[in-house]
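S.K.:
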Amino acid sequence: MVTALTMADAPWWVVAIALALGIAVSALLMLAQSLMPDESEHKRDVLLAWMRHRERQARGRVPNQRRRTARSRQ
Numbered sequence: 065m066v067t068a069l070t071m072a073d074a075p076w077w078v079v080a081i082a083l084a085l086g087i088a089v090s091a092l093l094m095l096a097q098s099l100m101p102d103e104s105e106h107k108r109d110v111l112l113a114w115m116r117h118r119e120r121q122a123r124g125r126v127p128n129q130r131r132r133t134a135r136s137r138q
């Protein structure tokens with residue numbers, strides 16, 4: 065990709081951004097691969113926990129926490 069940009073006479077800052085993005089994406093993928101468990105059961109558990117977390121966030125609440133209601137003073 066960087067070679068194609070340099071051959072197309074792209075500005076140096078476009079080549080630098082493309083190179084930085086390529087390095088960042090590669091590093092992120094390597095990090096994710098090292099953090100993800102190797103056993104398929106553990107991968108499933110991690111995925112299910114993440115999906116439950118996303119569902120709770122979408123609903124805007126966290127289980128086992130009661131919302132406080134405003135008390136009126138007399």
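To convert, take the position in the sequence shown, counting from 1, and add 64; that gives my numbering. Heads up, the beta-carbon is just placed ideally off N, CA and C, and yes, glycines get one too. Please read these numbers as outputs of a predicted model, since none were measured by experiment.
May I ask you to report which of helix, strand or coil DSSP gives M71?
M.R.: Here the question's residue 71 lines up with position 7 in the sequence shown. It is helical.
S.K.: Given a cut-off of 8 Å, decide if L69 and A82 are closer than it, judged by their beta-carbon atoms.
M.R.: Reading the sequence shown from its first residue, position 18 is the one you call residue 82. Reading the sequence shown from its first residue, position 5 is the one you call residue 69. A contact, by the Cβ cut-off of 8 Å.
S.K.: What first and last residue would you give for the alpha helix (DSSP H) that runs through E103?
M.R.: One-based indexing of the sequence shown puts residue 103 at position 39. Where E103 is concerned, there is no enclosing alpha helix (DSSP H), given that its DSSP letter is neither H nor E.
S.K.: Rounded to whole angstroms, what's the CA-CA distance from G86 to L111? Just pull it up for me.
M.R.: Sequence index remark: in the sequence shown, residue 86 carries index 22 (1-based). Sequence index remark: in the sequence shown, residue 111 carries index 47 (1-based). The alpha-carbon atoms of G86 and L111 are separated by roughly 26 Å.
S.K.: Helix, strand or coil, according to DSSP, for G86 in the structure here?
M.R.: For this step, residue 86 is matched to residue 22 along the sequence shown. In the structure shown, G86 sits in a helix (DSSP, three-state: H, G or I).
S.K.: So, is the C-beta of E119 closer than 8 Å to a C-beta in chain D?
M.R.: In the structure shown, chain D does not exist; there is a single protein chain.
S.K.: Suppose contacts are defined by Cβ-Cβ distances below 8 Å. Is M115 in contact with K107 by that definition?
M.R.: Locating residue 115 in the sequence shown gives position 51, counting from the first residue. Locating residue 107 in the sequence shown gives position 43, counting from the first residue. In this structure, K107 does not lie closer than 8 Å to M115 by Cβ.
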